[in-house]
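Undergrad: Sharing a structure here in structure tokens format.
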Amino acid sequence: MVGSGQRVSVVTGATGGIGRWIALGLAQADQHVVLVCRDAVKGRALADWIRQHAPAASTELRLADLSSLCAAHRLGQEIAAVHPRLSVLVNNAGMFTARRTTTAEGHDIVLALNHLAPLVLTDALEEALRAGSPSRIVNVGSSTSDRARIDPDDLELVRHWGMVRAYGGSKLAMMMSTFARAQRLRGSGVVANVVHPGAVATGLVREGGAIGAAWRLMGPFLRTGQQGADTPLQVALAPAWAAATGEYVKDRAAVRPNRRALDPVLVDKVEAASRQLAARTILVDTLP
Ligand SMILES: NC(=O)c1ccc[n+]([C@@H]2O[C@H](COP(=O)([O-])OP(=O)(O)OC[C@H]3O[C@@H](n4cnc5c(N)ncnc54)[C@H](OP(=O)(O)O)[C@@H]3O)[C@@H](O)[C@H]2O)c1
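First residue of the sequence shown? That's 1 in full-length UniProt numbering, and the numbers climb one at a time after it.
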């Protein structure tokens, strides 16, 4: 139950390595936290874990498989109906995979989860974020976007899919959409930024074989989930980041992103292509 005057935040991928610490940090900052998870059992365990660490925490569970854009759209509408004023949205859910998989809606799953779902969910929550301003959108990106290339005519990589290309490209597309939104929202009291959490020992790489083995071997040298949540939480909550918008943030500092994300013509093309992909899917879902 939301306390009177309490601010409301939403975090996706909250059952994961970085997301659970972001959720805890938001709860400890006295936010009512909407935990978006795809698995009810994991979600309830997460809510218990948060209460153990922060007994006064106020949370609520919302279930959605965010590889479905229709589910992301419905989730946004449901949250906005219950919480017409939001203060923070953290789009953290994400995935890496070594094999190309297509969702039931026909999208490359990496693009759908890492880029298109945050786009759709944020669109559905934008009015609530405006109504709750000053408010912040924090999109969890990745430094793999730093050298990524992108073709607005082939965002799904139908021609040349590769695991690094798909992951880095999805995070670059998400960054471009974030910068486009930041620009559109200037003066509204809603800020939007992208953060890289560092290399963090989490469940992100779920593959077996050489890739999974390499990820597990690297584990002891990577950051913990709690350390990975530090920069996202700073950008979500710290007064120093209240007015910053359209930034790419690593280790609590704004850094220069991939030059492609600063090319307005390319950003417009990627944004338009992304919206076309998303709109087509959602329209099919909403037709009578
Ligand atoms: N780890 C790193 O080194 C690193 C580096 C740069 C950026 N990142 C980014 O950080 C974010 C968090 O990742 P992580 O490292 O904490 O990985 P993680 O432990 O695998 O957590 C990913 C979270 O996303 C959720 N998720 C996955 N697929 C989903 C779906 N279809 N619908 C709804 N939720 C879904 C997972 O839920 P389940 O628990 O149900 O699987 C989990 O809560 C991601 O955006 C990732 O790209 C991570």
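All C-beta atoms, glycine included, are put in the ideal place defined by N, C-alpha and C. All of these numbers come straight from a predicted model, not from anything done at the bench.
Just tell me which of Cys70, Ala27, Ser133 has its CA closest to the CA of Trp49.
TA: When only C-alpha atoms are compared, the closest one is Ala27.
Undergrad: For the stretch 229-254, which segments carrying the beta strand (DSSP E) assignment without a break, of at least 3 residues, lie completely within its bounds, in sequence order?
TA: Taking only runs of at least 3 residues, the beta strand (DSSP E) segments lying wholly in the stretch 229-254 are 248-250.
Undergrad: With hydrogens ignored, establish whether the beta-carbon of Cys70 is closer than 8 Å to any heavy atom of ligand 1.
TA: Checking the Cβ of Cys70 against ligand 1 gives no.
Undergrad: Tell me, to the nearest whole angstrom, how far the beta carbon of Ala72 is from that of Val120; I am working on the premise that it is less than 8 Å.
TA: Yes, Ala72 and Val120 are in contact; Cβ-Cβ is about 4 Å, under 8 Å.
Undergrad: Looking at Gly169 and ligand 1, is the gap between the Cβ and the nearest heavy atom below 8 Å?
TA: Not so, every heavy atom of ligand 1 lies at least 8 Å from the Cβ.
Undergrad: Could you give the first and the last residue of the continuous beta strand (DSSP E) run that contains Arg275?
TA: Run containing Arg275: none in the beta strand (DSSP E); it sits in the alpha helix (DSSP H), 264-286.
Undergrad: Using DSSP with H/G/I as helix, E/B as strand and the rest coil, what is His196?
TA: Correct three-state label for His196: strand.
Undergrad: Any heavy atom of ligand 1 closer than 8 Å to the beta-carbon of Gly16?
TA: Indeed, a heavy atom of ligand 1 lies less than 8 Å from the Cβ.
Undergrad: Taking its Cβ as the centre, do 16 or more other Cβ atoms sit within 10 Å of Gly25, making it buried, or is it exposed?
TA: Gly25 is buried by the Cβ-count criterion.
Undergrad: Kindly list the residues whose CB is nearer than 7 Å to the CB of Thr15, restricted to its own chain and excluding five residues on each side of it in sequence; keep chain order.
TA: Taken in chain order, the residues that qualify are Cys37, Asp39, Lys42, Gly43, Leu46.
Undergrad: Exposed or buried, Leu63, counting other C-beta atoms within 10 Å across all chains shown (16 or more means buried)?
TA: Exposed, because fewer than 16 other Cβ atoms sit within 10 Å of the Cβ of Leu63.
Undergrad: Should Arg181 go down as buried or exposed, given a rule of 16 or more other Cβ atoms within 10 Å for buried?
TA: Arg181 is buried by the Cβ-count criterion.
Undergrad: How long is the line joining the alpha carbons of Ala93 and Leu204, rounded to whole angstroms?
TA: Each residue's Cα considered, the two are about 10 Å apart.
Undergrad: Which residue or residues does DSSP assign as beta-bridge partners of Cys37?
TA: Beta-bridge pairing links Cys37 to Leu63.
Undergrad: Who are the Cβ neighbours of Pro152 in its own chain at under 6 Å, not counting the five residues just before and after it?
TA: Cβ neighbours of Pro152 beyond the five flanking positions: Lys269, Val270, Ala273.
Undergrad: Since Pro84 and Ala131 should fall inside the 8 Å C-beta cutoff, what is the C-beta to C-beta distance between them, to a whole number of angstroms?
TA: Rounded, the Cβ-Cβ distance is 6 Å, consistent with contact.
Undergrad: Any contact between the stretch 100-120 and the stretch 154-171? By contact I mean 3 or more CB pairs, one from each, below 8 Å.
TA: Touching, yes, given that three or more Cβ pairs across the two stretches are closer than 8 Å.
Undergrad: With H, G and I counted as helix, E and B as strand and the rest as coil, what does DSSP make of Ile22?
TA: Of the three classes helix, strand and coil, the one that applies to Ile22 here is helix, per DSSP.
Undergrad: Leaving out the 5 sequence neighbours to the left and right, which residues in its chain are closer than 6 Å to Glu247 when beta-carbon positions are compared?
TA: Asn193, Ala254.
Undergrad: So Thr231 packs on Asp251, CB below 8 Å; how close in whole Å?
TA: Their Cβ separation, rounded to whole angstroms, is 6 Å, which keeps Thr231 and Asp251 in contact under 8 Å.
Undergrad: Helix, strand or coil: how does DSSP classify Arg181 here?
TA: It is helical.
Undergrad: CA-CA distance, Thr12 and Leu35?
TA: Rounded to whole angstroms, Thr12 to Leu35 spans 6 Å at the Cα level.
Undergrad: Quick one: complete beta strand (DSSP E) runs, 3+ long, within the stretch 79-162?
TA: DSSP runs (the beta strand (DSSP E)) wholly in the stretch 79-162: 88-91, 135-140.
Undergrad: Following the continuous alpha helix (DSSP H) through Gly209, name the residue where it begins and the one where it ends.
TA: Counting along the chain, the alpha helix (DSSP H) containing Gly209 begins and ends at 209-218.
Undergrad: Which same chain residues, not among the five before or five after Thr102, have their C-beta less than 8 Å away from its C-beta?
TA: Closer than 8 Å at the Cβ level, and outside the excluded window around Thr102, lie Asp108, Ile109.
Undergrad: Please name the residue, chosen from Val8, Lys171, Thr281, Asn91, that lies closest to Pro118 on a Cα-to-Cα basis.
TA: Looking at the Cα atoms, Asn91 is the closest of the given residues.
Undergrad: Just tell me which of Glu127, Val2, Trp21 has its CA closest to the CA of residue 298.
TA: This structure does not reach residue 298, given that the chain is present from 1 up to 288, and the question cannot be answered.
Undergrad: Can you give me the C-alpha to C-alpha distance between Met175 and Ala56, rounded to a whole angstrom?
TA: Rounded to the nearest angstrom, the two C-alpha atoms are 35 Å apart.
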